[in-house]
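Trainee: Sharing a structure below in C-alpha cells format, with a few things to ask.
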Amino acid sequence: MRTLDIKPILEEYLKDCKKLAIMGIGNTMKGDDGFGILIIENLVKYYKNKYNLNPNNEVNKIGDKIILLNCGVVPENFTDVLKRENPSNILIIDAALMGEVPGTLNIVNSEDISEIGFSTHSLPMSVLVKYLTHYINTEILIIGIEPENIDFGKPLSKKIYEKNLKFTEMLIDLLDSFLENR
C-alpha cells in the first residue's frame, strides 16, 4: 500500500455520483481513532447555517445530494438509513492500522480490507461493506488514516488533527463543487 494523492481519486469518484453518503467512523475517546468523526463534525459545522444542519444529529442531509453520518463505533446501525436513502456512492472515513507512517491517508481496497485493522468497530468493516453492497447498488470508497495514538482518553494527536483540517478543507472544496454541478 502506498500513499496516494487522495484529491484526484475523490474527484473521479464523484464524477458520476448522483447521491453521496459520507460515513465518519471511530471513537473520539481513543485519540486518533476519532478522525472520521471529526471530519463529519467539521462538515456539519461548515454547512450548518446554509443547509440548516443540526450538530447534535447523527444523520444530517445536505439537500437531496449528501448524507453525513456520524457513525461512532457502530456503523452497522446506519444501514437502514443507507438503504432508505439509496446513495449511488458511499465514502467511509476511518482510522486504519495499515502499517504506514502516522498521518498517511490511503484508499483501502475491498480486497485488502480484511488485512487492515479497524480496531474499535463492533462489526468487522469487511462484513459491513459486503452487507451494503448486497443491499444497495452503490460504489463504496474507504479512506483510512494511519493513527499515531489510539490510547483511551487521549485527544487526536497534533499530526492527525492537522491532517484532519487539511482533509476537511479539501473535502469541502470537492463537496461545494459537487453541490454546484448537480
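For the sequence shown, the residue numbers in numbering that gives the first Met the number 0 are 0 to 181. Glycine is no exception: its CB is placed at the ideal position from the N, C-alpha and C atoms.
#1: Compare the C-alpha of C70 against each of K153, E40, G98, D63 and name the closest.
#2: List in chain order: all unbroken beta strand (DSSP E) runs of 3+ residues lying wholly within the region 25-101.
#3: Taking 7 Å as the cut-off, decide whether the C-beta atoms of S125 and K17 are in contact.
#4: By a C-beta neighbour count over all protein chains shown, 10 Å radius and 16 as the cutoff for buried, is F151 buried or exposed?
#5: Is it buried or exposed, N56, if we count other Cβ atoms within 10 angstroms and call 16 or more buried?
#6: Quick one: what's S138 bridged to in DSSP?
#7: So which of T27, N26, I61 has the shortest CA-CA distance to L42?
#8: Tell me whether P54 is buried or exposed, calling it buried when 16 or more other Cβ atoms sit within 10 Å of its Cβ.
#9: For T132 and K158, I'd like the C-alpha separation in whole angstroms.
Mentor: On the basis of the supplied data:
#1: Start at 1 with the first residue of the sequence shown, and residue 70 comes out as number 71. Nearest option by C-alpha distance: E40.
#2: Complete beta strand (DSSP E) runs here, min 3: 58-61, 65-71, 88-94.
#3: Position 126 of the sequence shown holds residue 125. Position 18 of the sequence shown holds residue 17. Not a contact, by the Cβ cut-off of 7 Å.
#4: The residue labelled residue 151 in the question sits at position 152 within the sequence shown. So F151 ends up on the exposed side.
#5: Locating residue 56 in the sequence shown gives position 57, counting from the first residue. Exposed is the label assigned to N56, since fewer than 16 other Cβ atoms lie within 10 Å of its Cβ.
#6: Numbered from 1 along the sequence shown, position 139 holds the residue referred to as residue 138. Correcting the residue type first, residue 138 is Glu in the shown sequence and not Ser. DSSP lists N88 as the bridge partner or partners of E138.
#7: Position 43 of the sequence shown holds residue 42. When only C-alpha atoms are compared, the closest one is I61.
#8: Counting from one through the sequence shown, the residue named residue 54 turns up at place 55. Result: exposed.
#9: Counting from one through the sequence shown, the residue named residue 132 turns up at place 133. Counting from one through the sequence shown, the residue named residue 158 turns up at place 159. Using only the alpha carbons, I get a separation of about 33 Å.
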